[in-house]
Amino acid sequence: MKRLLILLLALPLVLMAQEYSLDELIEQGMQNGWDAQRSQLQLESSASQLSSATWNLIPDADLSYGLNYDLHNKGTGADLTNSFRFSISKTISLNDAAWFNYKQAKIGKDKAELTYESSISAYAFSVFEAYLKVLSAQKQLVSLQENLAIQTRVWQQAQVLRQLGKNTEFDVKQSEIAVMNSNISIMQLENTIRSNREQLFGLVQVEDEGYPLTDLEAAEDYQIPELDPDSINQIRILKEEIRSTNLSQKQSSLGFWPHLSLNYSLVRNAGGDNFAFDRYSTNHGVSLNLSYSLWNYFRQGSSHKRSNISLRMAELSLLDKVDDIRRQYQNASQELEYLIRLDELYQEKLDQSSRQINIAEERYRLGLIDLLELDKTRTDYIDADIAYNANRYQILAKQESLNFLLSQKILGKW
């Protein structure tokens, strides 16, 4: 009884394992894929850089202990002396490298998070595209196999009619060629499916057991998102680069000023003879230093010019990217609207083809048409079905490409 209960509980999992779903493949790819692992490591590296830069901002604190043994002591002092030292110091300057490194590391961390988010979305979208290619080809294969069965019946009937003297050898050959063409199309499509599956399972680093893929449906209530450049990760990453370049320019500008630094130090010494600590001293002070190199302007001039050029280039890259995304958005939106209108026409054509089959089957039953005409009606329906399904998958692909372009969640999840 216990074994039966375990089997019943495990049965849904076994049944689910007989199909591959897009969600499962993407989740597996997140764990096994090289790109996802690299992105995660880059994010961890940027977090480590920020941590190091943060620690470099705090004052230096040192502890030291020393022993000294005089091997040739001719004086009155002890041969063995020891000392202990504790010191705290911090220097703050107008152009403090530690502070600018911290600010750059913080920008780098923000940029790395955006890059990681973008890489996850890009990976999910690439798996989705590969998955959709397999689905579309498999759906087309089913229709082509139905068409082959029809073409084979037509060929067989043509042979019978030839024996009865009701057609010519040319008609038989034409039917045979149609069967050969159907077989060739199926072989080519099967090879395409094999290649597409290899690409899909290579992306997710999972062994392909040959199970079918769960079908996907385009969202009927999909609304084209509004274009908001500030929410697009590509734009946000470029803005982070501008922040970084702007900070470098500011640091370069400060290089023209005299070097001003404020230093604080606290040193406490303790020592004595023969491990005793009976002598103490304390140094506690603040110093302000101001210096200026006579060649500073010439040394900093070229560096500052390069910073200005880098900033201008970053700003131009941002403007170019915004314009490019705007054009992509406009084209993709118009194409999606076109595909949706086309879907309505294909649906109407498919419905009419289905009704024509019903009419043709009734006429065939009454003896008004022969099998050739009936099969031609069925072939027209299969062609309409192939076009309809191919267009439906194009709609789904275009919807998700718009989501990817606008940094929306792929299928509402990634």
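Following my numbering, the residues of the sequence shown are numbered contiguously, the last one being 1410. Here a beta-carbon is modelled for each residue, glycine too, at the ideal position from N, C-alpha and C.
- Membership of Val1282 in the beta strand (DSSP E) is indicated by the continuous run 1275–1287.
- In the three-state reduction of the DSSP assignment, Lys1086 falls in the strand class, which pools E and B.
- Relative to Tyr1342, the option among Arg1388, Val1130, Tyr1293, Asp1320 whose CA is nearest is Arg1388.
- Here the alpha carbon of Lys1099 sits roughly 33 Å from the alpha carbon of Arg1264.
- The Cβ neighbour count for Gln1390, taken over all protein chains shown within 10 Å, is at least 16; the residue is labelled buried.
- The criterion of a C-beta distance shorter than 8 Å is not satisfied by Leu1335 and Ala1380.
- Val1138 sits exposed, since fewer than 16 C-beta atoms from the chains shown fall within 10 Å of its C-beta.
- Here Leu1402 carries a coil assignment [DSSP, helix/strand/coil].
- With respect to the 8 Å criterion, Leu1212 and Leu1018 are classified as neighbours on the basis of their beta carbons.
- Fewer than three beta-carbon pairs drawn from the stretch 1177–1190 and the stretch 1108–1115 are found closer than 8 Å, and the two stretches are therefore not classed as touching.
- By the neighbour-count criterion, in which 16 or more other beta carbons inside 10 Å mark a residue as buried, Thr1278 falls on the exposed side.
- Under the DSSP assignment, Gly1062 falls outside any alpha helix (DSSP H), being part of the beta strand (DSSP E) whose first and last residues are 1056–1065.
- When C-alpha distances from Leu1286 are compared across His1280, Asn1304, Leu1258, the shortest belongs to Leu1258.
- Where Ser1017 is concerned, there is no enclosing alpha helix (DSSP H), because DSSP gives it neither an H nor an E.
- Taking C-beta atoms as the reference points, Leu1314 and Ile1231 count as a pair closer than 8 Å.
- In the DSSP secondary-structure assignment, Phe1080 is bridged to Tyr1061, Ala1266.
- Contact between Gln1395 and Ala1214 holds: their C-beta atoms lie close to 6 Å from each other, under 8 Å.
- Between the stretch 1087–1099 and the stretch 1040–1053, the count of Cβ pairs shorter than 8 Å is three or higher; the stretches touch.
- Here Asp1217 is exposed: its Cβ has fewer than 16 other Cβ atoms, across all protein chains shown, within 10 Å.
- Exclusion of the five residues before and after Lys1129 leaves Asn1192 as the residues of its chain whose Cβ lies within less than 7 Å of its Cβ.
- Ranked by Cα distance from Tyr1377, the options Asn1385, Ile1353, Arg1359 are led by Ile1353.
- Rounded to the nearest whole angstrom, the CA to CA distance from Phe1294 to Ser1244 is 18 Å.
- For the options Ala1383, Gly1363, Gln1033, the alpha carbon positioned closest to that of Glu1344 is the one of Ala1383.
- When DSSP reads this structure, His1255 sits in a beta bridge with Ser1287.
- For the options Tyr1127, Trp1030, Leu1157, Arg1322, the alpha carbon positioned closest to that of Gln1195 is the one of Tyr1127.
- Counting C-beta atoms within 10 angstroms of its own C-beta, Phe1124 has 16 or more neighbours from the protein chains shown and is therefore classed as buried.
- Between the alpha carbons of Ser1171 and Ser1178 lies a gap of roughly 11 Å.
- With a cut-off of 8 Å on Cβ pairs, the stretch 1324–1339 is in contact with the stretch 1396–1404, counting three or more such pairs.
- A straight line joining the alpha-carbon of Leu1250 with that of Leu1037 spans about 34 Å.
- Going by DSSP, Ala1043 is part of the alpha helix (DSSP H) stretching over 1030–1051.
- Taking C-beta separations shorter than 8 Å and ignoring five residues to either side along the sequence, the partners of Leu1367 in its chain run Arg1149, Val1150, Gln1153, Tyr1360, following chain order.
- Boundaries of the alpha helix (DSSP H) harbouring Gln1100: 1093–1159, taken from the DSSP string.
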